[in-house]
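Report on the following structure.
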């Protein structure tokens, strides 16, 4: 857009200098338009010139036109496309179909136009043909129209010669110099060579032994200086000759503009001095410089802006302002060439910026996935050819989400940038560090001789980060695969390293795991299970089984715990331990958790419809529970439910949930309890921090893990632990549920210890809803229910 605006300004300058717009229709062009009308057999032939607002008709044959608004000028399109424009039927062309010259009087239907250039090469108008009916236009006719346009251009050239000053350069030679300059800039890749040839032609044209072409630049503080695009070598000693040759003339800087060079810029006009020895404006040449006797300075202008100067010196007959003005077309051409080079440089810089943005991560300045793919492909080819080894390391930060959630994304971004710099400092030249996305990084290491290298990377990630007075602690889990031992392509190698990284997560984080085939097969099995599980959800293969929770003292069924089962079409009934480990992402745990919540609510609504006041417990995974969407989704699910349904829903969380983020866990529990829902702390006693977190968690129920209950009759330590948990829970007003009751003796001992509730195979294994309800009805009737005929479950 900037380039087109500058060109338009230059085009208008050239048009105004022709001094043609202010005159009426000019008969000197009539012979050409009459010839065109007769030759082509059209309604009208016109010669038009276009300024910024209007089209001006300088000759017309067959029409009565003086000027029209530029918006409706067909010739404007001819000028813009820089070539002949032929429209056989204007009414069918979207550019012109709504033009009032087409839709109303005079109802023009055919147009053919050829651009007209003024002597320095700018397109200023068009010779055009108009007809009131559509018509074809042959290539031979187009050639004839071009010849007639060239006749107009020769007329304009002749007019220019008549207006040329007496003290000036030869117009024909000037035109040849301009044409040669334009051609060499189009065909030469080197700016320096093009400007050098242009200066040589200029010196020859003006018979000047010395000259320069300088581009105006500005320092950061705004001070102007000149950068030479071409300059005659007038070195006066070896030192300055060496300096000239080092810069080849192009790129020499003139910062001192308190002289004739600067005067040209300040005056914005031609500067002449035919006695430099007596001219106070002279100077700026170092001591010992060969004498300069005469000087002509001309500004190079683009639009209204000075972009450079042309300086000539030591012409035998001196210079005059008229001589300088005769060179204005060449100065304008130089301005266009400078502007074009500037725009070319800007485009190159823009392309470099775009390319950098396309290949580098804006936050860490590390290669992104796109560039990583190219770099890794090249590294693999090199390793294949030279027999090198590559280690592809997939790094995922541990605890980064907590940093983002607690301190905000600005701090999180600072952490990622710091980690990127830290990783970059650790690797050798030739190794690769890239950021994939989020908190995931890739390191490609060449010829790793010791596994200690991997450990150093992991150790570096675990070093604390100091940011704005905070000491942030993270770690990293890293998966490594080695090429050529793992002889896979680029994408598979990254995938294998990713799988090894997940194994490092499962191994406890803050460590690395090296990929092997057995692990790969295990991962593939997990992915297959996950795909089948998603499909099973859609085809209703998942079902909640119920296991009763019995009040130990009065032997009343208080409610049930819901346990998910999968009716696999090939493997039969699967328990959670056979498929839940495949859920290795928050997304997977969330969609399954929301499904279980929805099914539990449906079961509770069924209880309510049957007049049954049973509670129902369900397990919630830690990541799902702590996710941002948990409270929002649960609120939506419970909105249509009655108070009884809400009151009878119990969410079971394991104590590791609180260990991960106690403050967040407490806040979520409080929010959910406002909905009327209760909480139970599952597997109590298995975590090292149970007692320290017990007091802070606002749960109503404690479930003693089955590993302590099952052996409490034979192991005194387990019995003491169970007794302690019961006493502590009662002291804090919590209900106690003992899991894993498998005998009447065990139930009796728990009653003696003061336990409230129990569940286990002694009462019933998990079973479908209707089977569990039938068992509860039989139990309440005072009968000892027989185990269901169908075997619904295996011990978990």
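In our numbering, the protein residues as written are 456 to 1251.
Glycine is no exception: its CB is placed at the ideal position from the N, C-alpha and C atoms.
Keep in mind the model is a prediction, meaning the values are calculated, not measured.
- Beta-bridge partners assigned by DSSP to residue 848: 898 and 935.
- A straight-line Cα-Cα distance of about 23 Å links residue 505 and residue 558.
- The C-beta of residue 883 has fewer than 16 other C-beta atoms within 10 Å across all chains shown, which makes the residue exposed.
- Residue 824 has its alpha-carbon roughly 51 Å from the corresponding atom of residue 1195.
- Counting the other CB atoms within 10 Å of its CB gives residue 989 a total below 16, which places it among the exposed residues.
- Close CB contacts of residue 951 within its chain, under the 7 Å cut and outside five residues either way in sequence, are with 936, 941, 943, 970 and 975 (chain order).
- By the neighbour-count criterion, in which a residue is buried when 16 or more other Cβ atoms sit within 10 angstroms of its Cβ, residue 954 is buried.
- When the five nearest sequence neighbours on each side are left out, the beta carbons in the same chain lying within less than 7 Å of the beta carbon of residue 1168 are those of 1200, 1201 and 1204, in order along the chain.
- For residue 1020, DSSP records a beta bridge to 998.
- If you draw a straight line from the Cα of residue 1231 to the Cα of residue 1012, it comes to about 7 Å.
- Judged by DSSP secondary structure, residue 1120 falls outside any beta strand (DSSP E) and instead within the alpha helix (DSSP H) spanning 1117 to 1128.
- Taking the Cα positions, residue 670 is about 7 Å away from residue 764.
- Remark: fewer than three beta-carbon pairs, one from each stretch, lie closer than 8 Å, so the segment 980 to 987 and the segment 1184 to 1193 are not flagged as touching.
- Residue environment analysis places residue 1156 among the buried positions, since at least 16 neighbouring C-beta atoms fall within 10 angstroms of its C-beta.
- By a beta-carbon distance limit of 8 Å, residue 752 contacts residue 716. Their separation comes to about 7 Å.
- If you draw a 10 Å sphere on the C-beta of residue 909, you find 16 or more other C-beta atoms in it, and that means buried.
- For residue 570, there is no enclosing alpha helix (DSSP H); the residue is found in the beta strand (DSSP E) stretching over 565 to 572.
- DSSP places residue 465 in the helix class (H, G or I) of the three-state scheme.
- The residue from 603, 862 and 719 with its alpha-carbon nearest to that of residue 736 is 719.
- Residue environment for residue 1186: exposed (fewer than 16 other C-beta atoms within 10 angstroms of its C-beta).
- In this structure, the CA atom of residue 820 is about 14 Å from the CA atom of residue 893.
- When C-beta atoms of the segment 628 to 636 are compared with those of the segment 776 to 788, three or more pairs fall below 8 Å, so the two segments count as touching.
- Taking all protein chains in view, the Cβ of residue 807 is surrounded by fewer than 16 other Cβ atoms within 10 Å, so the residue is classified as exposed.
- When 925, 1216 and 956 are compared, the shortest CA-CA separation from residue 931 is found for 956.
- Put simply, the backbone Cα of residue 755 is about 10 Å away from that of residue 766.
- Ranked by Cα distance from residue 1150, the options 1092, 1048, 734 and 1110 are led by 1110.
- The three-state reading of DSSP puts residue 475 in coil, since its state is none of H, G, I, E or B.
- In the DSSP assignment, the residues bridged to residue 683 are 669.
- As the crow flies, the alpha-carbon of residue 585 is around 42 Å from that of residue 653.
- For residue 1105, the CB contacts under 6 Å within the same chain, skipping 5 residues up- and downstream, are 1070, 1072, 1133 and 1135 in chain order.
- By the criterion of at least three beta-carbon pairs nearer than 8 Å, the segment 894 to 904 is in contact with the segment 840 to 850.
- Here DSSP, grouped into helix, strand and coil, assigns residue 500 to strand.
- Counting the other CB atoms within 10 Å of its CB gives residue 483 a total below 16, which places it among the exposed residues.
- As for any alpha helix (DSSP H) of minimum length 4 sitting wholly inside the segment 1139 to 1217, the runs are 1145 to 1149, 1161 to 1164, 1171 to 1186 and 1199 to 1208, ordered along the chain.
- Taking a 10 Å sphere around the C-beta of residue 1159, we find 16 or more other C-beta atoms and assign the residue as buried.
- Burial state of residue 1118 is exposed, judged by a 10 Å Cβ sphere holding fewer than 16 other Cβ atoms.
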